[in-house]
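Data block below; observations after.
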Amino acid sequence: MAKPTRVFMDISADAEPIGRLVFELNTKVCPKTSENFRRLCTGEMGFGYKGCHWYRIIPGFCACSGDFETQNADRRGGRSTFDTKYFDDENHDIYHSKRGILSMDNFGWPDTNSSRFFVTFDYTPWMDNFHVAFGELVDGFDVLDKMESYGTLEGGHEFLFFTM
């Protein structure tokens, strides 16, 4: 049996390390989405998440990141590791059923997955069948708690970025 694919992100707030998030990717259900995320975590394509900001943190909902091009949520930045900026939704078989679900943050319509992603702070069923969930947090829930404490209901935050 193959060992699960795990990736990690070392999180800092205002340049002070607060800990590590470890995600297990569901490569059986979402192999393409998982591979895209893994490549972006390692930076093996010459670009990726290293130094990327968390541009939206909404307590009780989610933390968003992955726009390493513009470092914000204006939908101009982010790209996949494939030959196109976007790639198609693989499926919606994994639900946003609990805290720590890892999901692609699309551009508001189907088949617009790139590098942008989010991590849920709670059960978010309205995201099911709209965003592709492909993994979950397996270690670092205390770090996720700290991240959530930096958020605002409007989606602002103290500067949070992760280094790998």
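Taking full-length UniProt numbering as reference, the numbering of the sequence shown is continuous, increasing by one, and the terminal residue is 164. Note that beta-carbon positions come from the ideal geometry of N, C-alpha and C, so glycine has one too. Owing to the predicted nature of the structure, the values given are computational and were not obtained by experimental measurement.
Buried or exposed by the 16-neighbour rule on C-beta atoms within 10 Å, applied to residue i
| i | result |
| --- | --- |
| Thr163 | Per-residue confidence for Thr163 stands at a pLDDT of 49, beneath the threshold of 50, marking its modelled position as unreliable; no derived number is given. |
| Ala15 | exposed |
| Phe141 | exposed |
| Arg56 | buried |
| Met104 | buried |
| Thr84 | exposed |
| Met127 | buried |
| Met9 | buried |
| Gly46 | exposed |
| Pro4 | exposed |
| Phe23 | buried |
Contacts around residue i, its chain only, beta-carbon distance under 8 Å, and the 5 residues preceding and following it disregarded
| i | result |
| --- | --- |
| Ile18 | Ile11, Ser12, Val143, Lys146, Met147 |
| Pro59 | Phe121, Glu148, Ser149, Gly151, Thr152, Leu153 |
| Tyr49 | Met9, Leu40, Cys41, Gly43, Ser65, Gly66, Phe68, Ser115, Phe162, Met164 |
| Ser34 | Thr5, Leu25, Asn26, Thr27, Phe134, Gly135 |
Residue i and residue j closer than 9 Å at C-beta
| i | j | result |
| --- | --- | --- |
| Arg6 | Val138 | yes |
| Leu21 | Thr81 | no |
| Gly135 | Asn36 | no |
| Gly77 | Arg38 | no |
Whole-angstrom C-beta distance between residue j and residue i, which should lie under 8 Å
| i | j | result |
| --- | --- | --- |
| His96 | Thr70 | Their Cβ separation, rounded to whole angstroms, is 25 Å, which puts His96 and Thr70 out of contact at 8 Å. |
| Asn113 | Phe130 | About 12 Å separates the two Cβ atoms, so there is no contact after all. |
Spatial neighbours of residue i in its chain, beta-carbon cut-off 6 Å, leaving aside the 5 residues before and after
| i | result |
| --- | --- |
| Cys30 | Glu90, Phe134 |
| Gly100 | Glu136, Leu137 |
| Asp93 | Val29 |
Nonlocal neighbours in the same chain, by C-beta distance under 7 Å from residue i, ignoring five residues either side
| i | result |
| --- | --- |
| Pro110 | Asp89 |
| Lys32 | Phe87, Glu90 |
| Phe118 | Cys62, Ala63, Cys64, Ser103, Asp105 |
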